[in-house]
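Enquirer:
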């Protein structure tokens with residue numbers, strides 16, 4: 557069945573299949589029962605079975621001996637392609653633009669790409685400070701950047717350990733953390749409070765504040781604000797509130813899109 561909308565024709569079954577994949581991604585493997593999936597989707601068991609069987613045939617899912625569903629080979633191909641994509645989606649850029657308009661500061665979108673925290677987008681505000689070399693495509697000195705700390709703090713333990721084993725802590729300024737034990741404690745603090753800072757750790761005279769971006773329980777990136785040190789000290793609480801509101805805007809947009817597809 558398809559539906560017409562101002563944006564064009566939508567196929568309901570495809571929308572449901574997409575929502576089902578997102579739901580499976582957000583649930584631990586032991587909770588992916590058909591009954592749970594039907595309940596969360598608000599649809600019947602036969603409908604969920606039809607969707608699951610179709611996705612299994614397409615190799616996007618596999619069904620194990622315990623009748624639980626996991627992602628299949630086709631999904632791995634898609635995930636690798638996404639991980640190599642350096643152009644961010646418009647949905648991620650809209651809140652970033654709102655951050656710069658609200659604070660007047662430079663704002664950044666950073667995400668894991670090829671095993672590295674990579675800057676995907678940078679927007680300048682009306683009175684923004686420019687951070688030298690921090691442009692789209694930059695992937696160095698994660699330990700000195702607020703966004704790098706966020707992505708490392710909330711990464712899967714294996715991914716974090718693998719990155720740190722391959723990338724020794726790099727000193728950028730005299731304030732950069734390069735002691736492994738001190739840096740491990742720093743990441744624990746970031747995970748506990750939900751945001752990271754770097755105060756002249758990457759660029760002298762500049763301070764940054766970053767928070768994680770989540771979608772269905774999956775870490776998809778980080779938003780960062782960078783400002784002159786003195787202005788940052790006066791506005792830190794405001795910057796943090798703006799970053800959190802930007803993530804809420806992104807989540808609300810996702811919820812509205814899901815409702816529109818039902």
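In the numbering used here, the protein residues as written are 557 to 818. Note that the Cβ used here is the ideal one computed from N, Cα and C, for glycine as well.
Using the three-state DSSP reduction, which class does residue 628 fall into: helix, strand or coil?
Expert: In the chain shown, residue 628 corresponds to position 72, counting from 1. Three-state DSSP puts residue 628 in coil, outside helix and strand.
Enquirer: With which residues is residue 666 paired in a DSSP beta bridge?
Expert: What you label residue 666 is simply residue 110 of the chain shown in a count that begins at 1. DSSP output for residue 666 lists 675, 778 as bridge partner(s).
Enquirer: For residue 768, report the span of its beta strand (DSSP E) as first-last.
Expert: Here residue 768 corresponds to residue number 212 of the chain shown, with the count starting at 1. First-last of the beta strand (DSSP E) with residue 768: 762-771.
Enquirer: CA-CA distance, residue 784 and residue 650?
Expert: Walking along the chain shown from the start, residue 784 turns up at place 228. Walking along the chain shown from the start, residue 650 turns up at place 94. Their backbone Cα atoms lie some 24 Å apart in a straight line.
Enquirer: Applying the 10 Å Cβ sphere with the 16-neighbour rule, what's the burial state of residue 560?
Expert: Locating residue 560 in the chain shown gives position 4, counting from the first residue. Note that residue 560 scores 49 on pLDDT, short of 50, meaning its location in the model is unreliable and no value can be drawn from it.
Enquirer: Counting C-beta neighbours from all protein chains within 10 Å, is the total for residue 804 16 or more, i.e. buried, or is it exposed?
Expert: Within the chain shown, residue 804 is the residue found at index 248, counting from 1. Counting Cβ neighbours within 10 Å, residue 804 comes out exposed, since fewer than 16 surround it.
Enquirer: Does DSSP put residue 716 in a helix, in a strand, or in coil?
Expert: As a position in the chain shown, residue 716 is number 160, starting the count at 1. Reduced to three states, the DSSP call for residue 716 is helix.
Enquirer: Is residue 617 helix, strand or coil when you go by DSSP?
Expert: Taking the chain shown and counting its residues from 1, one reaches residue 617 at position 61. In this structure, residue 617 counts as strand in the three-state DSSP scheme.
Enquirer: Hey, residue 779 and residue 766 are a contact pair by Cβ (cut 8 Å); roughly how many whole angstroms apart?
Expert: As a first step, residue 779 must be located in the chain shown, where it is residue number 223. As a first step, residue 766 must be located in the chain shown, where it is residue number 210. With 8 Å as the limit, residue 779 and residue 766 qualify as a contact, their Cβ atoms being about 7 Å apart.
Enquirer: Hey, quick one: how far does the alpha helix (DSSP H) through residue 748 stretch, first residue to last?
Expert: If you number the chain shown from 1, residue 748 lands on position 192. Where residue 748 is concerned, the enclosing alpha helix (DSSP H) stretches over 736-749.
Enquirer: Among the residues of its own chain, which have a CB less than 8 Å from the CB of residue 817, if the five just before and after it don't count?
Expert: As a first step, residue 817 must be located in the chain shown, where it is residue number 261. Because residue 817 carries a pLDDT of 49, less than 50, the predicted location of this residue cannot be relied on, and the following value inherits that uncertainty. Same-chain partners within the cutoff: 566, 568, 571, 572, 574, 575.
Enquirer: Applying the 10 Å Cβ sphere with the 16-neighbour rule, what's the burial state of residue 815?
Expert: Working through the chain shown from its first residue, we reach residue 815 at position 259. Reliability fails at residue 815, whose pLDDT of 49 lies under 50, so the model's placement of it is uncertain and the value that follows must be treated cautiously. Exposed, by the Cβ-count rule.
Enquirer: By a C-beta neighbour count over all protein chains shown, 10 Å radius and 16 as the cutoff for buried, is residue 735 buried or exposed?
Expert: Counting from one through the chain shown, the residue named residue 735 turns up at place 179. With fewer than 16 other Cβ atoms within 10 Å, it is exposed.
Enquirer: If residue 665 and residue 648 are in contact, beta carbons under 8 Å, what's the gap, nearest whole angstrom?
Expert: The residue you call residue 665 lines up with position 109 of the chain shown. The residue you call residue 648 lines up with position 92 of the chain shown. Right, their Cβ atoms sit about 6 Å apart.
Enquirer: Where does residue 570 sit, in a helix, a strand or coil, going by DSSP?
Expert: Numbered from 1 along the chain shown, position 14 holds the residue referred to as residue 570. Three-state DSSP puts residue 570 in a helix.
Enquirer: Out of 703, 729, 699, 742, point me to the one whose CA is closest to residue 721's CA.
Expert: The count along the chain shown starts at 1 and reaches residue 721 at position 165. The option with the nearest alpha carbon to residue 721 is 699.
Enquirer: What does the alpha-carbon distance come out to for the pair residue 614 and residue 657?
Expert: Working through the chain shown from its first residue, we reach residue 614 at position 58. Working through the chain shown from its first residue, we reach residue 657 at position 101. Roughly 43 Å between the two C-alpha positions.
Enquirer: Under three-state DSSP, which class holds residue 660?
Expert: Within the chain shown, numbered from 1, the residue matching residue 660 stands at position 104. Coil at residue 660, not helix or strand.
Enquirer: Could you pull the DSSP bridge partners for residue 651 from this structure?
Expert: Looking up residue 651 in the chain shown gives position 95. Partner(s): none; residue 651 has no beta bridge.
Enquirer: Does the structure place the stretch 740-753 close enough to the stretch 621-638 that three or more beta carbon pairs sit under 8 Å?
Expert: Counting Cβ pairs under 8 Å, fewer than three are found: no touch.
Enquirer: Hey, how far is the Cα of residue 760 from the Cα of residue 589?
Expert: What you label residue 760 is simply residue 204 of the chain shown in a count that begins at 1. What you label residue 589 is simply residue 33 of the chain shown in a count that begins at 1. One C-alpha to the other measures close to 52 Å.
Enquirer: Between residue 617 and residue 629, how many whole angstroms is the CB-CB distance? I'm expecting something under 8 Å.
Expert: Translated into the one-based positions of the chain shown, residue 617 becomes position 61. Translated into the one-based positions of the chain shown, residue 629 becomes position 73. Contact doesn't hold; Cβ gap of about 10 Å is too wide.
Enquirer: Less than 8 Å between the CB atoms is what I'm expecting for residue 773 and residue 582, so what's the real figure, rounded?
Expert: As a first step, residue 773 must be located in the chain shown, where it is residue number 217. As a first step, residue 582 must be located in the chain shown, where it is residue number 26. With 8 Å as the limit, residue 773 and residue 582 qualify as a contact, their Cβ atoms being about 4 Å apart.
Enquirer: For residue 701, count neighbouring Cβ atoms within 10 angstroms of its own Cβ and tell me buried if that reaches 16, exposed if not.
Expert: On the chain shown, position 145 is the one that residue 701 refers to. So residue 701 counts as buried.
Enquirer: Using 7 Å as the threshold, is the C-beta distance between residue 695 and residue 728 below it?
Expert: Here residue 695 refers to the residue found at position 139 when the chain shown is read from its first residue. Here residue 728 refers to the residue found at position 172 when the chain shown is read from its first residue. Contact: no.
Enquirer: Who pairs with residue 753 in a beta bridge, going by DSSP?
Expert: Residue numbering aside, residue 753 sits at position 197 when the chain shown is read from its first letter. Looking at the DSSP assignment, residue 753 forms a beta bridge with 765.
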